[in-house]
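Reading through the structure tokens given below for one structure.
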Amino acid sequence: MKLTTCTYYALAASLLTLATAPPVLAQSAAPDGPTKVKTKHKRGQEAAPTASVVSAAAPTLTDYSLPYAASITPAGLKADLDVLASDAYEGRETGKKGQKMAADYIAKAFAADGLVGPVPGSDNPYLQHFTMNRVPIDPASTMQVGGKTYTLGKDFYVLVPGSFAGSPLTVKPVFVGYGIKEDKYSDLATAPAVGSDLVVLLGQPLNKAGQPLLGPASPYGGSGLRALGARTAFMIPLQPHAVFLIAPTAAQFGQAPKELAQVLGREQLAFADQPAPAGACIVLVSPALGAALLGTTPSGLTQYEKGVAAAGKPIASGFKPAAASVRLKQKKEPFTTENVLGYLEGTDKKDEVVVLSAHYDHLGIKNGVVYNGADDDGSGTVSVLAMARAFVQAKKDGHGPRRSILFLANVGEEEGLLGSQYYTDHPVFPLANTVTDLNIDMVGRVDSLHQGKGDYVYLVGDDRLSQELHTLSEATNQQYNPVALDYKYNDPNDPEHIYERSDHYNFAKHNVPIIFYTSGLHPQYHQATDDVELIDFPAMARRDQLVFHTAWAVANRDQRIMVDEKYRSTGFAPTPADLERYVGTYASAQIPLKITFIKDGTTLKAQATGQPAFALEPVSQGVFKVDQAGLQVQFDPAKPAFTLKQGGKEYPFTKE
Ligand SMILES: [Zn+2]
Numbered sequence: 319m320k321l322t323t324c325t326y327y328a329l330a331a332s333l334l335t336l337a338t339a340p341p342v343l344a345q346s347a348a349p350d351g352p353t354k355v356k357t358k359h360k361r362g363q364e365a366a367p368t369a370s371v372v373s374a375a376a377p378t379l380t381d382y383s384l385p386y387a388a389s390i391t392p393a394g395l396k397a398d399l400d401v402l403a404s405d406a407y408e409g410r411e412t413g414k415k416g417q418k419m420a421a422d423y424i425a426k427a428f429a430a431d432g433l434v435g436p437v438p439g440s441d442n443p444y445l446q447h448f449t450m451n452r453v454p455i456d457p458a459s460t461m462q463v464g465g466k467t468y469t470l471g472k473d474f475y476v477l478v479p480g481s482f483a484g485s486p487l488t489v490k491p492v493f494v495g496y497g498i499k500e501d502k503y504s505d506l507a508t509a510p511a512v513g514s515d516l517v518v519l520l521g522q523p524l525n526k527a528g529q530p531l532l533g534p535a536s537p538y539g540g541s542g543l544r545a546l547g548a549r550t551a552f553m554i555p556l557q558p559h560a561v562f563l564i565a566p567t568a569a570q571f572g573q574a575p576k577e578l579a580q581v582l583g584r585e586q587l588a589f590a591d592q593p594a595p596a597g598a599c600i601v602l603v604s605p606a607l608g609a610a611l612l613g614t615t616p617s618g619l620t621q622y623e624k625g626v627a628a629a630g631k632p633i634a635s636g637f638k639p640a641a642a643s644v645r646l647k648q649k650k651e652p653f654t655t656e657n658v659l660g661y662l663e664g665t666d667k668k669d670e671v672v673v674l675s676a677h678y679d680h681l682g683i684k685n686g687v688v689y690n691g692a693d694d695d696g697s698g699t700v701s702v703l704a705m706a707r708a709f710v711q712a713k714k715d716g717h718g719p720r721r722s723i724l725f726l727a728n729v730g731e732e733e734g735l736l737g738s739q740y741y742t743d744h745p746v747f748p749l750a751n752t753v754t755d756l757n758i759d760m761v762g763r764v765d766s767l768h769q770g771k772g773d774y775v776y777l778v779g780d781d782r783l784s785q786e787l788h789t790l791s792e793a794t795n796q797q798y799n800p801v802a803l804d805y806k807y808n809d810p811n812d813p814e815h816i817y818e819r820s821d822h823y824n825f826a827k828h829n830v831p832i833i834f835y836t837s838g839l840h841p842q843y844h845q846a847t848d849d850v851e852l853i854d855f856p857a858m859a860r861r862d863q864l865v866f867h868t869a870w871a872v873a874n875r876d877q878r879i880m881v882d883e884k885y886r887s888t889g890f891a892p893t894p895a896d897l898e899r900y901v902g903t904y905a906s907a908q909i910p911l912k913i914t915f916i917k918d919g920t921t922l923k924a925q926a927t928g929q930p931a932f933a934l935e936p937v938s939q940g941v942f943k944v945d946q947a948g949l950q951v952q953f954d955p956a957k958p959a960f961t962l963k964q965g966g967k968e969y970p971f972t973k974e
């Protein structure tokens, strides 16, 4: 599962949602309840009992799926994971040696099972290669404030380069206090215009007694990931152009390389054929640099903090921020990487494809330590391998699926869902015929909310695009040894935004119904300690069996899973002349946002200030929509203008 969430749509800012580990380090519980699965210890040799066993028991209403589901066993899963999550695989970092080894392992497993490699024109038909650039930030990057030059790694750290990558930019800082939006304390009351360069004081407001104003459990203290993540709710509505976070003290700024290693240790990756990533630039600055940005001194910042403590609420700062110039240099190192695909052809509905996916990449080696990613997402990868074997055996026994199944091991997930983005932008099988993606990411643990409470799995997204899929999923679970289905993370308001944090999201963007399966976050998430020893294999096998049964049902039912009516394509195609007419930059008197429309082939794309371009789906004459953003654009037939509709509001725009 990826760390950050970026929403690539015009009215949602591209900002960090920094994941926070649950506070309690709960040891993975021993498997509760008996497991009725045979365990053999040879990889890929799990019993795939012949269907005649069940046929004999139920000669008329045979459910052929049962023995194949039972062939997914804890021992079989462990045998694969012992290899893929071993130190030899070097944490499977995208583009690095360990990733190549893992791709080779998965491709060979698919081939040995008898799956077809479906990638046309590839040197290895199981591998979908593509080229990316690694774009690390050059240590020579600088900031200039008031004639003084500040250097990267000494005065500031770049958390997200965003749209600043590669270009010197002038910023006009606006101070927004602690950057907190809570009922009891809100810096939003005097919030600046959308698209500003925000300067945020980290740490938290205190009361007169020197205690945290928002209570001892407030997440805002310090400058770690938790304190940054807590500010997302404040930042998103402001769609900042840049965010400068001032470390509370010089000592805490000095801790940044350690505290923020997860973010600072990441090298940005970008598709070779696409422009550099857009979105807000997020920088952590020292108190000295922060004070300079605000036209004050570190003691001026302290005075502000004292003023807040005395007033018990946000106060006017009196700061006179200075314009600054930020010059982030990036290197460009091209490399090739690959998704791994295995294809099982269906029978009478073989043109329709069900995708079973997981990402096989992880975080690599940091400071000499291998991040094995046993749960993230070694667990999903070996689950896909196990399901592939089960479906292949079923087909060999004459019970192959009616629809085809694509087993898809994605690369680049940790770097921003890149492999699945590449696949959905370059699908081997048309997305229009792709009926569902069942995606598995981190299914090998028992999280703190479910310790000792029996089998469970979180389902995310199953009802977002297709009520039919939700109904099928629930019914399937009821039919086979049910596990508790937890929809906590399916709440669109859940702060973790899990729906946007794994590969299914790229399918959902194309209106392919998805279900995302996960056992949730845990203290070892994105840590070097995410190891095989902590995996609960029996719990994982039961989750996989549910995914398998669901895939079986989706692949074999008479009617394909349909997206809900409102998400269906109308098939409307605007004329090239119409598209040409919409092209241009538009502004609104109501919101400080400019939107530029571009014609890309037969597609109309939109780009908002500081955001990546995204495609609009034509609905009817002059009307376009983006379902994932709940957004509609309606062009005026007579004038160069359009109305943007989102969240029950309407904003008129006219061409500049
Ligand atoms: Zn992850």
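Each residue of the sequence shown is one higher than the last, beginning at 319 in our numbering. Beta carbons: idealized from backbone N, C-alpha and C, even for Gly.
Put residue i into one of helix, strand or coil per three-state DSSP.
i: His717; result: coil
i: Met553; result: helix
i: His815; result: coil
i: His559; result: coil
i: Glu935; result: strand
i: Ala905; result: strand
i: Thr467; result: strand
i: Asp862; result: helix
i: Gln964; result: strand
i: Lys396; result: helix
i: Ile424; result: helix
i: Ser701; result: helix
i: Lys320; result: coil
i: Asn808; result: helix
Between residue i and residue j, what straight-line distance do the alpha-carbon atoms span, to the nearest angstrom?
i: His903; j: Gln952; result: Here residue 903 turns out to be Thr, not His, going by the sequence shown. Roughly 15 angstroms separates the two Cα atoms.
i: Tyr444; j: Ala427; result: 10 angstroms
i: Gln621; j: Lys414; result: 49 angstroms
i: Tyr823; j: Pro831; result: 10 angstroms
i: Ala545; j: Leu531; result: 15 angstroms
i: Ala388; j: Ser514; result: 56 angstroms
i: Gly533; j: Asp501; result: 13 angstroms
i: Lys957; j: Leu470; result: 49 angstroms
i: Leu619; j: Gly539; result: 16 angstroms
i: Ser906; j: Lys912; result: 7 angstroms
i: Ile554; j: Lys668; result: 44 angstroms
i: Arg886; j: Leu949; result: 15 angstroms
i: Val687; j: Met450; result: 25 angstroms
i: Lys923; j: Ala933; result: 4 angstroms
i: Val476; j: Asp804; result: 37 angstroms
i: Gly495; j: Gln557; result: 17 angstroms
i: Thr412; j: Gly682; result: 8 angstroms
i: Val775; j: Val401; result: 25 angstroms
i: Val626; j: Pro632; result: 6 angstroms
i: Pro894; j: Glu935; result: 15 angstroms
i: Leu646; j: Gly572; result: 21 angstroms
Can we count residue i as close to ligand 1, meaning its CB is less than 7 angstroms from some heavy atom?
i: Lys684; result: no
i: His844; result: yes
i: Asp694; result: yes
i: Met419; result: no
i: Lys414; result: no
i: Glu733; result: no
i: Met450; result: no
i: Lys668; result: no
i: Met319; result: yes
Using a Cβ-Cβ cut-off of 8 angstroms (strictly less than) and excluding sequence neighbours within five positions of residue i, which residues of its own chain qualify?
i: Asn690; result: Ala403, Ser404, Asp405, Tyr407, Gly409, His680, Gly696, Ala846, Asp848, Asp849 and Val850
i: Asn279; result: Limits of the chain in this structure are 319 at one end and 974 at the other, which puts residue 279 out of reach.
i: Thr961; result: Val951, Gln952, Asp954, Glu968, Tyr969, Pro970 and Phe971
i: Ala708; result: Ala366, Tyr386, Ala387, Ser389, Ile390 and Phe866
Who are the near neighbours of residue i in its chain, counting only those whose CB is closer than 6 angstroms to its CB and skipping five residues on each side?
i: Leu563; result: Val518, Leu520 and Leu602
i: Phe855; result: Pro392, Leu395 and Lys396
Leaving out five residues on either side along the sequence, give the residues of the same chain with a beta carbon under 7 angstroms from the beta carbon of residue i.
i: Tyr468; result: Thr460, Met461, Phe474 and Leu607
i: Ser784; result: Pro831, Ile879, Met880, Val881 and Asp882
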